[in-house]
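Q:
Number of protein chains: 2
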Amino acid sequence: MTYCVGITLDKGMVFASDSRTNAGVDQVCAYPKMHLFEWPGERVFILLSSGNLATTQALVRRLHLENSQENITSLKSVPNMMAAADYVGDVSVSIQSKQSGLCQSSANFTASFILGGQIAGAPMEMFLIYPEGNHISPSPYSPFLQIGEIKYGKPILDRIIRPSMNMADACRCALVSIDSTMRSNLSVGPPIDLAIYESEKLSINRRETFAKETGFLRELRSQWAEGLVNLFKNLPKFDWESGDR
Amino acid sequence: MTYCVGITLDKGMVFASDSRTNAGVDQVCAYPKMHLFEWPGERVFILLSSGNLATTQALVRRLHLENSQENITSLKSVPNMMAAADYVGDVSVSIQSKQSGLCQSSANFTASFILGGQIAGAPMEMFLIYPEGNHISPSPYSPFLQIGEIKYGKPILDRIIRPSMNMADACRCALVSIDSTMRSNLSVGPPIDLAIYESEKLSINRRETFAKETGFLRELRSQWAEGLVNLFKNLPKFDWESGDR
Chain Z
8 MTYCVGITLD KGMVFASDSR TNAGVDQVCA YPKMHLFEWP GERVFILLSS
58 GNLATTQALV RRLHLENSQE NITSLKSVPN MMAAADYVGD VSVSIQSKQS
108 GLCQSSANFT ASFILGGQIA GAPMEMFLIY PEGNHISPSP YSPFLQIGEI
158 KYGKPILDRI IRPSMNMADA CRCALVSIDS TMRSNLSVGP PIDLAIYESE
208 KLSINRRETF AKETGFLREL RSQWAEGLVN LFKNLPKFDW ESGDR
Chain A
8 MTYCVGITLD KGMVFASDSR TNAGVDQVCA YPKMHLFEWP GERVFILLSS
58 GNLATTQALV RRLHLENSQE NITSLKSVPN MMAAADYVGD VSVSIQSKQS
108 GLCQSSANFT ASFILGGQIA GAPMEMFLIY PEGNHISPSP YSPFLQIGEI
158 KYGKPILDRI IRPSMNMADA CRCALVSIDS TMRSNLSVGP PIDLAIYESE
208 KLSINRRETF AKETGFLREL RSQWAEGLVN LFKNLPKFDW ESGDR
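Just so you know, the sequences run in chain order Z and A. Numbered per our numbering, the first sequence spans residues 8 to 252. Numbered per our numbering, the second sequence spans residues 8 to 252.
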């Protein structure tokens, strides 16, 4: 499994992804699920992937390959973000269809993607691309998209994320959301990749990788965990409780 | 959908359930999913139900009916908690099988249950009874059981629940867990039923129903929500953040 989240703010976009892949409960590996395609000053795309690893790797390889070819549809040539999402959806469907046609297998070849970015002259946009190739973009009322193991980390996003918030706060919320998911689900694991795109910048502002038990992420995790316990201790008492509980 | 949670502590057990039932997105109703069977001083059972409403109602009616009959297996007659869980599992399977046999339908007649209680002379116990009639009980490392829409409310249980904690804290944690689920999933809704059983008491200590926007639950919800935001605001800063963020 996987957990990826993309957040759209007034000021920019935040992307975060875990790195665990697994086939069943064994063959557990760490692969990045964040892929950057950047032509500074012209166009930039951040792609997060969830699902069959062979499908997602084939898609990323094909996107890179087609960027280097002239006169075909590619991330380098698409006229707008909507066309980019259509293109990624088409490539995804074609890879899945080819694989399903090649063999009689109960394996699941599907994959989902979050694609965000900006092309010079147009606003930044973000899409969730379904295995069927169609897509949705977030709304101001639900300014985030999730793929993979999405439920454990959704409550904190529902509570905190607002389009007007600043980028650093959204980054912290994404890390807490992934941390909560890692604690409750073995199929989501470190390191965590984080990317920040500031609107109109036309290049990736920041790209970081956080290992589980080092530096900033450890501090954030422990402070959040201790803070929750303290917050919990100070919740209202029931009228039937004795003073000492 | 539904969300129910049962928590086993050293001192006793806590049970909590939402009240929303729905068929698709309409026919949304409120039904209690907590059912008490009590012979004070002799035996006590708390049953939480999730799944097909016709199945769970039929099961509860049949349990009550069989309690009033002599010389048959019933909650009143079972020799121990394990036999009680087997009995509820058997009744559940028989209701589901009968219904599935009566009609060709794609409807899902399955149901899951949490059954906790105590019979005089034996320790209190809790079971999660699957639609197949088999069951598990919690461990000291995972001292809670959940049925229904379980993922949204699991992170806070993972972080807070320990067997040594007191009953009131476990009640608060159960309410927060259900609140988080209600915020992220429309199929879980108020009022919330709460029951507390203190080990060796052989009667229900406390049974309360909390409406969404009244009194204690409103205070708990708002204090938790505000506390989370404050906790969030004080998380560590990234090294690239300016002082004012």
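Backbone N, C-alpha and C fix where the C-beta goes; we use that ideal spot for every residue, glycine too.
Roughly how many whole angstroms lie between the Cα atoms of Asp251 of chain Z and Ala202 of chain A?
A: In this prediction, Asp251 of chain Z has a pLDDT of 46, which is less than 50 and means its spatial position is unreliable; what the coordinates show is noted afterwards. If you take the alpha carbons of Asp251 of chain Z and Ala202 of chain A, they lie about 21 Å apart.
Q: Return the bridge partner residues of Trp46 of chain A from the DSSP annotation.
A: Paired residue(s): A:Arg50.
Q: Are Ala5 of chain Z and Leu122 of chain Z closer than 8 Å when you measure CB to CB?
A: Residue 5 of chain Z falls outside the range modelled here, since chain Z spans only 8 to 252, and no answer is possible.
Q: With burial defined as no fewer than 16 other Cβ atoms inside 10 Å of the residue's Cβ, what is the status of Gly160 of chain A: buried or exposed?
A: When all chains shown are included, Gly160 of chain A counts as buried.
Q: Does DSSP put Thr188 of chain A in a helix, a strand or coil?
A: Three-state result, Thr188 of chain A: helix.
Q: Go through its chain and collect everything with a Cβ distance to Arg228 of chain A's Cβ below 7 Å, but skip five positions before and after it.
A: The residues are Asp186.
Q: If contact is defined by three or more beta carbon pairs under 8 Å, each pair taking one atom from either stretch, is the segment 234-246 of chain A in contact with the segment 233-242 of chain Z?
A: Because the criterion of three Cβ pairs below 8 Å is met, the segment 233-242 of chain Z and the segment 234-246 of chain A touch.
Q: For a cutoff of 8 Å on Cβ pairs, would you count Pro162 of chain A as touching chain Z?
A: For Pro162 of chain A, the answer is yes, since a Cβ of chain Z falls inside 8 Å of its Cβ.
Q: Is it the case that the Cβ atoms of Asp97 of chain Z and Gly155 of chain Z are separated by a distance below 8 Å?
A: No, the Cβ-Cβ distance between Asp97 of chain Z and Gly155 of chain Z is not below 8 Å.
Q: Tell me, which residues are paired with Ser56 of chain Z by DSSP?
A: Z:Phe120, per the DSSP bridge assignment.
Q: Does the pairing of the segment 114-131 of chain Z with the segment 72-92 of chain Z give three or more beta-carbon distances under 8 Å?
A: Segments in contact, yes.
Q: Given that a residue counts as buried once 16 or more other Cβ atoms are within 10 Å of its Cβ, and exposed if not, what is Ala23 of chain Z?
A: Burial call: buried.
Q: Which chain Z residues sit within Cβ distance under 8 Å of Arg166 of chain A?
A: Those within 8 Å of Arg166 of chain A in chain Z are Arg190, Ala232, Leu235 and Val236.
Q: Counting along the chain, where does the alpha helix (DSSP H) carrying Met89 of chain Z start and finish?
A: Unbroken alpha helix (DSSP H) run through Met89 of chain Z: Met88 to Leu109.
Q: In chain B, what lies closer than 7 Å to Arg213 of chain Z by C-beta?
A: As a matter of chain content, chain B is missing from the structure shown, whose protein chains are Z and A.
Q: Answer yes or no: does any C-beta atom of chain A fall closer than 8 Å to that of Ala175 of chain Z?
A: So yes, Ala175 of chain Z belongs to the interface.
Q: Quick check on Phe22 of chain A - is its C-beta less than 8 Å from some C-beta in chain Z?
A: Chain Z, which has no Cβ nearer than 8 Å to the Cβ of Phe22 of chain A, makes this no.
Q: By DSSP's criteria, Ser149 of chain A is part of a beta bridge. Which residues make up the other side?
A: Ser149 of chain A is bridged to A:Ser146.
Q: Determine the closest residue to Asn173 of chain Z out of A:Ser249, A:Gly48 and A:His42, with distance taken between C-alpha atoms.
A: Out of A:Ser249, A:Gly48 and A:His42, A:Ser249 has the C-alpha closest to the C-alpha of Asn173 of chain Z.
Q: Arg252 of chain A CB to nearest chain Z CB: under 8 Å?
A: Confidence at Arg252 of chain A is low in this model, with a pLDDT of 44, below 50, so the placement of that residue is unreliable and no value is reported for it.
Q: Between the beta-carbon of Gly13 of chain A and the beta-carbon of Leu152 of chain A, is there less than 8 Å?
A: In contact: Gly13 of chain A and Leu152 of chain A (Cβ atoms closer than 8 Å).
Q: Name, please, each residue of chain Z whose Cβ falls closer than 7 Å to the Cβ of Lys158 of chain A.
A: Within 7 Å Cβ-Cβ: Lys158 and Tyr159.
Q: For Pro243 of chain Z, return the contacting residues in chain A, with the cut-off set at a CB-CB distance below 7 Å.
A: Correct list: Phe223, Glu226, Leu227 and Gln230.
Q: Am I right that Ile168 of chain Z and Pro150 of chain Z are in contact with their C-beta atoms under 8 Å? What's the rounded C-beta distance?
A: That pair is a contact at about 6 Å.
Q: Spatial neighbours of His42 of chain Z within its chain, please: CB distance less than 6 Å, with the 5 preceding and 5 following residues excluded, ordered by chain position.
A: These residues qualify, in order along the chain: Leu54 and Val67.
Q: For Cys178 of chain Z, go through chain A and note every residue whose CB falls closer than 8 Å to its CB, in chain order.
A: Simply Phe245.
Q: Going by C-alpha distance, which of Z:Tyr137, Z:Ala114 and Z:Gly108 is nearest Phe120 of chain Z?
A: Among Z:Tyr137, Z:Ala114 and Z:Gly108, the Cα nearest to that of Phe120 of chain Z is on Z:Tyr137.
Q: Tell me which residue opens and which closes the beta strand (DSSP E) that Ile167 of chain A is part of.
A: No beta strand (DSSP E) holds Ile167 of chain A; the alpha helix (DSSP H) holding it covers Lys161 to Ile167.
Q: Would you please state the rounded distance, in angstroms, between the beta carbons of Gly196 of chain Z and Ala118 of chain Z? I believe it to be under 8 Å.
A: Gly196 of chain Z to Ala118 of chain Z, Cβ: 19 Å. No contact.
Q: I'd like the span of the beta strand (DSSP E) that includes Gly13 of chain A, first residue to last.
A: Here the beta strand (DSSP E) through Gly13 of chain A covers Tyr10 to Thr15.
Q: Name the DSSP beta bridge partners of Leu135 of chain A, please?
A: Its beta-bridge partners are A:Ile121 and A:Ile143.
Q: Tell me which residue opens and which closes the beta strand (DSSP E) that Gln34 of chain Z is part of.
A: Element bounds for Gln34 of chain Z: Asp33 to Ala37.
Q: Can you pull the chain Z neighbours of Phe44 of chain A, defined as C-beta to C-beta under 8 Å?
A: Those within 8 Å of Phe44 of chain A in chain Z number zero; the least Cβ separation is about 23 Å.
Q: Can you pull the DSSP bridge partners for Val195 of chain Z?
A: DSSP, once it has assigned bridges, lists no residue as partnering Val195 of chain Z.
Q: Going by other Cβ atoms of all chains shown within 10 Å of its Cβ, with 16 needed for buried, is Ile157 of chain A buried or exposed?
A: Answer is buried; the Cβ neighbour count reaches 16.
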